[in-house]
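Please read the structure below before turning to the comments.
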Amino acid sequence: MPESNLPTQSLKPGGVRRVMRNLGVLLGGRAVNAPLSLVHIGLATHLLGSYGFGLIAMMYAFARTIGDVVDFQSWQTVLQYGLRPLTDGNRREFQRIVAFSLLLDISGGIAGLVIGVMISVFAMHSLGWPPEIHRIGILYCFSILFMASATPTGLLRVFNRYDLLAVQGTVATFIRVIGTAAMLLAGPSVAFLAAVWFLAEVAAWATISFMALSEMIRRETHIGFREAFYSVVCDLAHRRFSRNYPRLWRFVFSTNINSTLALAFGHIGTLVVGAFVGPASAGYYRIASQIAAGIAKPATLIQTTVYPEMARLWRDRAMSRLRRLTVQVALTAGAIGTALLLITFFAGEPLLRLYIGPSGAIETLPVTLWLLAAEVVTVWGLPLEPLLFTIDRSDAAIIARCLECILFLPGLILVVQKYGLNGVGPTTLAGVTLLICIQLVFVLRTPLHTKTGKINA
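Residue numbering for the sequence shown follows the UniProt record's numbering, starting at 1 and increasing by one per position.
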């Protein structure tokens with residue numbers, strides 16, 4: 001197939017309609033994934049208790065945090081730099097971007113494994129790990145290798161295959177549910193459940209990698225990929241690669257730094273609670289954060305679909321439509337998130353009592369409501385960070401994250417030490433609100449125009 005005839009279906013700008021269509025596809029996957037996640041967590045908590053489940057949560061949070069730190073978010077590189085050559089039918093250029101992204105994943109995964117093992121060997125007491133999970137925790141660090149799947153994710157997004165992303169999102173949950181249910185026969189065991197979670201990571205990585213490769217083969221973009229991969233390796237070794245992409249490394253490190261700073265609202269909470277309060281409270285926090293994130297997922301999934309659309313509009317210099325999309329996404333996501341918060345406020349306690357029992361509900365409900373409120377504030381500002389990266393203001397996005405982390409992380413540690421689990425929620429809400437306000441100021445102070453100065457309606 002000639003390069004000029006490469007398939008480019010679904011790459012024309014579609015505005016908010018495509019965002020909502022892709023959101024609907026992802027929500028179809030979440031409709032299966034969310035209840036399965038609740039079944040898995042509830043079953044694991046009943047079998048292992050809050051303490052045992054807390055141990056699993058602490059190991060997973062540590063591995064995921066290290067994986068996120070070394071993750072270059074290379075799916076954004078595939079979208080930002082691979083979309084134009086794919087649209088123009090330039091197979092060779094597209095393959096070079098994908099190869100570069102894949103190298104980032106490989107190097108990040110290996111670095112994460114080494115860092116994770118070193119920390120878990122020499123600083124496990126600082127992590128709050130009791131002696132019974134020292135060896136298990138070290139072995140679980142090998143799951144970091146399979147958390148580096150950003151390139152397949154970017155390929156499926158640039159190919160507009162959100163249906164496959166929705167399928168992939170359920171794989172790990174299915175494995176966890178089946179494995180947890182197997183403990184009814186094999187007997188409850190922290191080591192067994194840790195192995196199940198490890199297997200779930202491997203299965204999810206294998207699934208998305210296979211689907212991305214299949215899509216490349218279907219579009220014949222795999223032809224000549226090996227040569228493109230080797231050429232990128234040689235160019236990187238001889239420092240020639242950046243000559244063709246002078247701003248690429250800046251973009252890569254900007255997304256990595258920003259995603260690392262974003263960990264403040266990720267699994268850091270589990271690590272802090274586990275280290276200063278104990279595994280049982282870490283388990284309750286994990287349950288609360290999972291429930292809050294799951295309830296807000298219909299709104300937060302919009303960000304997954306909006307970034308590719310923003311990249312397309314920026315590519316086409318359609319600035320008016322980019323502004324309109326930003327406002328529409330903020331209003332849509334915010335309305336959904338607010339409605340879900342109100343429903344949870346009135347229906348949360350009886351559902352939690354049914355889910356994890358009366359004592360667990362008492363511990364978990366206040367944290368869940370605070371974290372859900374933080375999620376709602378986040379979804380109101382959902383398009384701000386993708387917009388800053390799209391319009392080449394990654395520096396502003398990083399400054400916003402830095403300011404938030406400087407204030408939030410020390411505050412979180414102090415509050416958890418004094419108030420325990422009950423202090424996490426209000427601190428998280430305050431930190432999220434600060435972040436969104438800073439991002440909004442940067443967006444309002446940045447005029448939307450391209451480097452050429454040409455603007456399309």
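Don't be surprised by glycine CBs; every beta carbon is placed ideally from N, CA and C. Keep in mind that this is a model prediction, so the values were computed, not measured.
Next item on the list: Starting from Gln439, follow the alpha helix (DSSP H) in both directions and report where the run begins and ends.
Entry: Val424 to Leu444
Check: Going straight from the alpha carbon of Val443 to that of Leu155, what length do you get?
Finding: 28 angstroms
Item checked: Endpoints, the alpha helix (DSSP H) within which Ser149 is located -> Neither: Ser149 is in no alpha helix (DSSP H) and is coded neither H nor E.
Checklist line | Cβ pair Met310, Pro386 closer than 7 angstroms | finding: yes
Notebook entry, point to check: Expressed to the nearest angstrom, what Euclidean distance is found between the alpha-carbon atoms of Thr255 and Gly108?
Noted result: 13 angstroms
Margin query: Please classify Pro447 as buried or exposed, where buried requires at least 16 other C-beta atoms within 10 Å of its C-beta.
Written below: exposed
Next item on the list: Give the single residue among Ile291, Pro35, Ala57 and Gln168 whose Cα lies nearest to the Cα of Leu341.
Entry: Ile291
Note to self: Could you check whether the Cβ of Ser107 sits closer than 6 angstroms to any heavy atom belonging to the ligand FAD?
What the structure shows: Inclusion of the ligand FAD in the displayed structure is not the case, the ligand content being empty and no account of it being possible.
Check: How would you label Asn244, buried or exposed, when you count the other beta carbons within 10 angstroms and need 16 or more for buried?
Finding: exposed
Check: Buried or exposed: where does Ser4 fall if 16 or more other Cβ atoms within 10 Å of its Cβ makes it buried?
Finding: At Ser4, the pLDDT of 43 sits below 50, so the modelled position is not reliable; the number obtained from the coordinates is stated separately. Classification of Ser4: exposed, given that the 10 Å Cβ count is below 16.
Next item on the list: Taking Ile287 and Ile41 to be in contact with their CB atoms under 8 angstroms, please state how far apart those CB atoms are, rounded to whole angstroms.
Entry: Contact between Ile287 and Ile41 holds: CB atoms are separated by about 6 angstroms, below the 8 angstroms threshold.
Check: If you draw a straight line from the alpha carbon of Arg324 to that of Arg247, how long is it in whole angstroms?
Finding: Arg324 and Arg247: Cα-Cα distance of roughly 28 angstroms.
Checklist line | Gln168, DSSP secondary structure in three states | finding: helix
Next item on the list: Would you check if the region 361-378 and the region 408-426 touch, i.e. whether three or more CB-CB distances between them fall below 8 angstroms?
Entry: yes
Checklist line | Where Asn160 sits in the DSSP three-state scheme | finding: In the displayed model, Asn160 falls within coil according to three-state DSSP, outside both helix and strand.
Check: Does DSSP put Phe253 in a helix, a strand or coil?
Finding: Phe253 falls in the helix class under three-state DSSP.
Margin query: Along the chain, where does the alpha helix (DSSP H) containing Tyr245 start, and where does it finish?
Written below: Here Tyr245 belongs to no alpha helix (DSSP H), and DSSP marks it neither H nor E.
Margin query: Assuming contact is defined by CB atoms lying nearer than 7 angstroms, are Thr270 and Tyr284 in contact in what I supplied?
Written below: no
Margin query: With H, G and I counted as helix, E and B as strand and the rest as coil, what does DSSP make of Thr207?
Written below: helix
Margin query: Here's the rule I'm using: 16 or more other beta-carbon atoms within 10 Å means buried, otherwise exposed. How should Glu227 be labelled?
Written below: exposed
Item checked: Given Val273 as reference, the closest of Leu139, Leu429 and Gly420 once Cα atoms are compared -> Gly420
Note to self: Going by C-alpha to C-alpha distance, which of Leu382, Leu127 and Ser281 sits closest to residue 458?
What the structure shows: Because the chain is modelled from 1 through 457, residue 458 falls outside the range shown and cannot be assessed.
Next item on the list: Grab the span of the alpha helix (DSSP H) containing Gly411 for me, first residue to last.
Entry: Ser394 to Tyr419
Margin query: Buried or exposed, going by whether 16 or more other CB atoms sit within 10 Å of the CB of Ile438?
Written below: Ile438 should be labelled buried.
Margin query: I'd like the list of long-range same chain contacts for Val441, defined as Cβ closer than 8 angstroms, with 5 residues on each side in sequence excluded.
Written below: Closer than 8 angstroms at the Cβ level, and outside the excluded window around Val441, lies no residue.
Notebook entry, point to check: Which residues in the same chain have their Cβ closer than 8 angstroms to the Cβ of Arg353, if we skip the five residues on either side of it in sequence?
Noted result: Ala361.
Check: Leaving out the 5 sequence neighbours to the left and right, which residues in its chain are closer than 8 angstroms to Phe345 when beta-carbon positions are compared?
Finding: Leu369
Notebook entry, point to check: How would you call Gly187, buried or exposed, if buried means at least 16 neighbouring beta carbons within 10 angstroms?
Noted result: exposed
Check: What did DSSP end up calling His125 once you bin it into helix, strand or coil?
Finding: Three-state result, His125: coil.
Note to self: Let me make sure I understand the geometry here. Which of Ile398, Phe146, Glu220 and Val190 has the alpha-carbon closest to that of Leu199?
What the structure shows: Taking Leu199 as reference, the option from Ile398, Phe146, Glu220 and Val190 with the minimal CA-CA separation is Phe146.
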